[in-house]
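Visitor: One structure, pasted below without further comment.
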Amino acid sequence: MTADEPAPTVAEMLRANEANWDARVPVHTRSDFYGLDVVTAPAGAGLAVDLLRETDLLPWPRFAAMERDPASGWRRLPATRPAVPLLLALRATPAPVQGA
């Protein structure tokens, strides 16, 4: 993306994340870094979690050792390093009303 290009929409980012998700990265339901449970927090707010994905790809080079992934053009740590989740996609929608 250049300065002249519009920023991608959230939907575009979610589609890109889903398309580029790497099966080597396990799905985690808790983030100690952020100190919150990424699944029960939306559920506690009355939302149903429809999608939860993590990937070891980022659209920017967060760490100096990151290499460009030829399939996606995004960045990831070299294959010689452990695959760690770097990006989370969560989609939640209003939960159905009970008895409706």
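Mind the numbering: the sequence shown is residues 404 to 503 in this note's numbering, read in order. A virtual CB, placed ideally from N, CA and C, is assigned to each residue, including glycine. Being a predicted model, the structure only gives us computed values, none of them experimental.
Less than 8 Å between the beta carbons of Trp477 and Leu491, yes or no?
Guide: Residue numbering aside, residue 477 sits at position 74 when the sequence shown is read from its first letter. Residue numbering aside, residue 491 sits at position 88 when the sequence shown is read from its first letter. Their beta carbons are not under 8 Å apart, which means Trp477 does not touch Leu491 by this criterion.
Visitor: Comparing C-alpha positions only, which one of Arg494, Arg484, Val500 and Pro499 sits nearest to Asp453?
Guide: The residue you call residue 453 lines up with position 50 of the sequence shown. Ranking the options by Cα distance to Asp453, first place goes to Arg494.
Visitor: Tell me the residue span of the alpha helix (DSSP H) that contains Ala492.
Guide: As a position in the sequence shown, residue 492 is number 89, starting the count at 1. First-last for Ala492: Leu490 to Pro497, but that is the beta strand (DSSP E), not the alpha helix (DSSP H).
Visitor: Three-state secondary structure (DSSP) at Ala446?
Guide: Mapped onto the sequence shown, residue 446 falls at position 43. Three-state result, Ala446: helix.
Visitor: Here's a check: name, in chain order, each residue in its chain whose Cβ is nearer than 8 Å to the Cβ of Ala468, leaving out the five neighbours to either side.
Guide: For the purposes of this step, residue 468 is taken as residue 65 along the sequence shown, with counting starting at 1. Cβ neighbours of Ala468 beyond the five flanking positions: Leu480, Pro481 and Arg484.
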